[in-house]
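A.B. asks: Below you will find the structure I want to go over with you.
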Amino acid sequence: YTDIDECTELGANGLPLHNCAAGTQVCVNTIGSFRCDSALQQCTVGRCPGANKVCQNIQTSPGYSCSCNTNFVPSVVANSIDCVLPCANNPCQANSACTNNGNSFICTCNSGYKEVNNVCVGKSLLYNKNK
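For the sequence shown, this note's numbering begins at 641 and goes up steadily by one.
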């Protein structure tokens, strides 16, 4: 016995095997069958735990999608995905400062350092090297 996913499989006629109403219901696969849940109320309180997230109703199982709010990016924290500002992931090299720039970041070398091949090198080292 092989269980199929009635929510994603198509019949010989090219139509889905389920009869959920497009736009108002979402198909949820179960063992040996499927069920149609309301697609309109899938984003309930607590559906997307953590800060800085938004829930969007979608018309495929599980009926919702969690994503980060504008200017936030995913970060894995304690085996769960949280949404943080880009600089919270410490993306910059040593001797540099991170500035959030929308959903990205900019690394700027600290005072007394200069960027050489994406690394911040002390200007005194550069000066001594060129003597």
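Think of the CB as a built atom: it goes at the ideal place given N, C-alpha and C, for glycine as much as any other residue. Remember, it's a predicted structure, so these values are computed and weren't measured experimentally.
Spatial neighbours of isoleucine 721 within its chain, please: CB distance less than 6 angstroms, with the 5 preceding and 5 following residues excluded, ordered by chain position.
C.D. replies: Within the same chain, isoleucine 721 has close Cβ partners Pro714.
A.B. asks: Keeping to the same chain, check which residues put their C-beta closer than 8 angstroms to that of glycine 672; ignore five residues upstream and five downstream.
C.D. replies: For glycine 672, where only same-chain residues beyond five positions count, the Cβ hits under 8 angstroms are Asp643.
A.B. asks: Can you tell me whether proline 777 is buried or exposed, with buried defined as 16 or more other CB within 10 angstroms of its CB?
C.D. replies: This structure leaves residue 777 out entirely; the chain is present only between 641 and 771.
A.B. asks: Take phenylalanine 712 as the anchor and find which of Cys706, Pro656, Val666, Asn692 has the nearest alpha-carbon.
C.D. replies: Nearest C-alpha to phenylalanine 712: Asn692.
A.B. asks: Suppose the cutoff is 7 angstroms on Cβ atoms and the five residues either side in sequence are ignored; what does the same chain contact list for cysteine 695 look like?
C.D. replies: Cys683, Arg687, Cys688, Tyr704, Cys706, listed in sequence order.
A.B. asks: Mind checking glutamate 649: buried by the 16 CB within 10 Å criterion, or exposed?
C.D. replies: Exposed, because fewer than 16 other Cβ atoms sit within 10 Å of the Cβ of glutamate 649.
A.B. asks: With DSSP as the reference, identify every bridge partner of alanine 737, one or two as the case may be.
C.D. replies: Note: alanine 737 sits in a beta bridge opposite Thr748.
A.B. asks: Specify the secondary structure class of cysteine 760 as computed by DSSP and reduced to three states.
C.D. replies: Strand.
A.B. asks: Going by DSSP, what residue range makes up the beta strand (DSSP E) through asparagine 665?
C.D. replies: Strictly speaking, residue 665 in this sequence is glutamine, with asparagine absent from that position. It spans 665-670 - the beta strand (DSSP E) in which glutamine 665 sits, taken as one unbroken run.
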